[in-house]
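**Student:**
Here you go:
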């Protein structure tokens, strides 16, 4: 005699199968909330936009492609510089600005040791009686 709680093995399998089907159906209903929508881009762009939970995101390759220069800008010659731009690109010693190499040359071996630049020893006074060399 079977008790009220025991069932046949086939009935248990049927219950498990129906429980599995209900679970799958519930998961499919939840998946609709988190569905990723991929929209096809225009053929000339070659980019893919993805929308997840209402937020759009583009692929990095698409963004890199958009940052590339156009083909007509690559072969274009550089623009001519105005007078002010040409002046800015001159070396600092031509503009009268500080230049470490020029300062080292002017100070000689006194650079970093003294504020007085290196000078040759003064020549002795010339004698008016001796001829000039």
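Numbering (mature numbering (1 follows the signal peptide of the UniProt record, and there is no 0)), first residue to last: -31 to -1, 1 to 102.
Virtual Cβ for every residue (Gly too), placed ideally from N, Cα, C.
Since we're looking at a predicted model, the values are computed, not measured.
1) Identify whether residue 35 lies in helix, strand or coil by the three-state DSSP scheme.
2) Please report the straight-line C-alpha distance between residue 31 and residue 37, rounded to a whole angstrom.
3) When the distance is taken between beta carbons, is residue 33 closer than 8 Å to residue 17?
4) Measure the beta-carbon distance from residue 85 to residue 92 and round it to whole angstroms, keeping in mind my assumption that it falls under 8 Å.
5) Does DSSP classify residue 63 as helix, strand or coil?
6) Roughly how many angstroms lie between the CA atoms of residue 73 and residue 25, to the nearest whole one?
7) Determine the DSSP secondary structure at residue 84, reduced to helix, strand or coil.
8) Work out the CA separation of residue -6 and residue -21 for me, nearest whole Å.
**Tutor:** In short:
1) helix
2) 10 Å
3) no
4) About 19 Å; that fails the 8 Å criterion.
5) helix
6) 59 Å
7) coil
8) 23 Å
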